[in-house]
């Protein structure tokens, strides 16, 4: 029996390392995964909807168009992986790290972040709207043309974060109480057709 068939037949998957396999379009929905490592694995359009992931690592893996909608993630790691069109819509993410990920059209809308950090990463045309965050933050992250509607960015710790043409409410309520760098401020004002004159 193949590894895929073994996993398909199980509702609970634990203590497993998968390397160099192709699990594209595989359905992990509603399954429980614990202490599983995906290393250099293709997970294109894989489904993790309503799955429970604890201690799961995705290392150097392709998660293009993978769906984690309404999933529960705890103590997980996404490292050096591609998150193109990956969706975490309405997911519950705790004690999880996203390190050196490339996010394009990535969706975190309506998700909950607790003790979760994103670092050394770039997100473009992504959506972080309506996020509820606690003890979470961004470190050395660049956001290009990314939406943050109805997300209180002051609830997130931010170090060396750059916002380039972000999508925000007209009154910039998402930025209330935030400290951002000069480059980000200039980019935001430019998007509002306001030129920032830094001459003395």
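In our numbering, the protein residues as written are 288 to 487. Note that the Cβ used here is the ideal one computed from N, Cα and C, for glycine as well. None of these values were measured; they are calculated from a predicted model.
DSSP state of residue i, grouped into three classes?
i	result
residue 418	coil
residue 318	coil
residue 423	strand
residue 442	helix
residue 309	strand
residue 332	coil
residue 475	helix
residue 337	coil
residue 447	coil
residue 469	helix
residue 459	coil
residue 354	strand
residue 483	With a pLDDT of only 48 at residue 483, under 50, the local geometry of the prediction cannot be trusted, and no value is derived from it.
Name the DSSP bridge partner or partners of residue i?
i	result
residue 386	366, 406
residue 411	391, 431
residue 299	319
residue 454	434
residue 379	359, 399
residue 324	304, 344
residue 266	The structure shown has nothing for residue 266, since the chain only spans 288 to 487.
Are residue i and residue j close, meaning C-beta to C-beta below 7 Å?
i	j	result
residue 335	residue 315	yes
residue 410	residue 436	no
residue 390	residue 404	no
residue 363	residue 343	yes
residue 340	residue 351	no
residue 381	residue 356	no
residue 422	residue 399	no
residue 304	residue 327	no
Can you tell me whether residue i is buried or exposed? The criterion is at least 16 other CB atoms within 10 Å of its CB, across all chains shown.
i	result
residue 487	Unreliable placement is indicated for residue 487, whose pLDDT of 48 sits below 50; the coordinate value is still reported in the next sentence. So residue 487 counts as exposed.
residue 372	buried
residue 290	exposed
residue 463	exposed
residue 414	buried
residue 475	buried
residue 298	exposed
residue 325	buried
residue 508	Past the boundaries of the shown model lies residue 508; the chain is included only from 288 to 487, so the question cannot be answered.
residue 329	buried
residue 293	exposed
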